[in-house]
Amino acid sequence: MNDNGKDTEKTIDPQHVVTLRARLQGSVLLPGDEGYERARQTWDAKTFDQHPAVVVLPARASDVQAAVTFAREHNLPIAMQGGGHGHPHPADGALLVNFANMTDVQIEPETATARVEPGATWKEVIQAASPYGLAPLNGFAASVGVVGYLLGGGCGWLTRQYGAGAGSMRSVELVTADGDLLQVNEQTHPDLLWGLRVGGAHL
Ligand SMILES: Cc1cc2nc3c(=O)[nH]c(=O)nc-3n(C[C@H](O)[C@H](O)[C@H](O)COP(=O)(O)OP(=O)(O)OC[C@H]3O[C@@H](n4cnc5c(N)ncnc54)[C@H](O)[C@@H]3O)c2cc1C
110 MNDNGKDTEK TIDPQHVVTL RARLQGSVLL PGDEGYERAR QTWDAKTFDQ HPAVVVLPAR
170 ASDVQAAVTF AREHNLPIAM QGGGHGHPHP ADGALLVNFA NMTDVQIEPE TATARVEPGA
230 TWKEVIQAAS PYGLAPLNGF AASVGVVGYL LGGGCGWLTR QYGAGAGSMR SVELVTADGD
290 LLQVNEQTHP DLLWGLRVGG AHL
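First residue of the sequence shown: 110, per the working numbering; consecutive thereafter.
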């Protein structure tokens with residue numbers, strides 16, 4: 110149990126973790142491993158404490174697919190963490206996918222489009238976009254994660270002029286609960302894209 114009385118004692122057979130590690134380009138951390146303490150922290154580490162059974166730090170989309178599949182195979186709850194500003198529940202005893210090592214941002218100035226990896230915060234997007242004279246539809250704190258913000262709609266400095274940030278979300282690379290990888294946009298899955306805008310984190 111942790112200080113909040115939550116069950117944090119779920120453990121995983123280390124042999125199963127060997128199998129998971131072999132499937133990934135990214136890292137898998139168990140309690141006691143170097144880096145685990147950092148990887149389990151959120152933005153508000155002092156008041157929001159969580160103790161995942163295992164943390165996956167993916168390096169690519171197929172790592173996320175492998176993590177989701179592993180969690181399903183081993184009946185583990187699963188949690189996603191981007192900027193770490195908005196967790197509804199601590200990921201105690203869960204498989205936490207922490208996107209801290211996927212923060213790349215690519216700007217396509219011709220179409221005023223940013224391609225953002227799931228761990229990027231608005232700070233990274235602002236820094237990448239500003240040399241082109243572009244500004245993203247970020248909120249009032251640049252440390253907030255891009256994906257978590259957009260999944261909740263996203264209201265910020267430019268909302269009155271351009272609408273909520275989620276309205277400008279054009280395409281999403283999405284891993285389903287079955288571990289499938291989908292390209293979600295207006296042409297491929299318009300209903301899903303609609304749901305990801307605002308309803309996303311709970312979809
Ligand atoms: C200091 C502060 C300032 C804020 N300012 C604003 C503001 O100006 N405007 C505004 O609209 N909101 C604001 N928010 C709210 C913020 O947008 C939400 O809390 C948002 O969910 C945080 O996203 P995150 O990625 O940082 O957090 P996280 O805790 O990492 O994620 C939040 C939720 O999104 C899910 N999620 C994140 N990434 C993924 C992913 N890749 N795949 C699937 N699910 C994912 C998580 O599972 C979780 O449920 C602020 C919050 C804080 C703490």
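Ideal Cβ placement from N, Cα and C applies to all residues, glycine included. Model, not experiment: these values are computed from the prediction.
Bridge partners - residue i, DSSP secondary structure assignment
| i | result |
| --- | --- |
| S136 | L166 |
| Q190 | N207 |
| I216 | A223 |
| E143 | Answer by DSSP bridge pairing: none, since E143 is not bridged. |
| V284 | L290 |
Close Cβ partners of residue i (< 8 Å) along its chain, the five nearest in sequence each way excluded
| i | result |
| --- | --- |
| N77 | Outside the shown range of the chain, which is 110 to 312, sits residue 77, and nothing can be said about it. |
| T151 | F157, Q159, Q190, G193, H194, H196 |
| I235 | A244, P245, N247, A251 |
| D112 | With a pLDDT of 49 at D112, under the threshold of 50, the modelled position of this residue cannot be trusted; read the value that follows with caution. Result list for D112: D158, in chain order. |
Residues of its chain near residue i, where Cβ-Cβ distance is below 7 Å and the 5 sequence neighbours each way are ignored
| i | result |
| --- | --- |
| V307 | G261, G262, A275 |
| V225 | V214, V234, V255 |
| R130 | V137 |
| S239 | none |
| T120 | A162 |
| A180 | I187, L204 |
Residue closest to residue i, alpha-carbon to alpha-carbon, out of the options
| i | options | result |
| --- | --- | --- |
| T268 | D289, A251, Q124, P245 | P245 |
| D201 | V214, I187, F208, D122 | I187 |
| Y241 | V255, E219, G254, R224 | E219 |
| L299 | A221, M278, G257 | Checking the sequence shown, residue 299 turns out to be Pro, not Leu. Of A221, M278, G257, the residue nearest in Cα terms is M278. |
| L305 | T297, V281, P140 | V281 |
| S171 | W266, F208, A203 | F208 |
| V126 | G272, L301, L204, A221 | L204 |
| R144 | A154, V164, T128 | Before going further, note that residue 144 is Gly rather than Arg in the sequence given. Of the candidates A154, V164, T128, the one whose C-alpha sits nearest the C-alpha of G144 is V164. |
| A221 | A237, V206, A273 | A237 |
Counted within 10 angstroms of its Cβ, other Cβ atoms place residue i as buried (16 or more) or exposed
| i | result |
| --- | --- |
| L138 | buried |
| R149 | buried |
| P199 | buried |
| L185 | buried |
| M110 | Summary for M110: the model assigns pLDDT 47, below 50, so the residue's position carries little reliability, and this model does not support an answer. |
| A223 | buried |
| W303 | exposed |
| W231 | buried |
| T297 | exposed |
Same chain only: Cβ atoms within 6 Å of residue i, ignoring 5 sequence neighbours per side
| i | result |
| --- | --- |
| G288 | Q174, V177, T178 |
| D122 | none |
| R132 | A175 |
| L291 | L283 |
Residue i beta carbon near ligand 3 (any heavy atom closer than 7 Å)
| i | result |
| --- | --- |
| T120 | Absent from the structure shown: ligand 3. Ligands present: ligand 1. |
Residue i beta carbon near ligand 1 (any heavy atom closer than 7 Å)
| i | result |
| --- | --- |
| A131 | no |
| A148 | no |
| Y241 | no |
| H298 | no |
| H160 | no |
| G276 | no |
| G144 | no |
| V253 | yes |
| H196 | yes |
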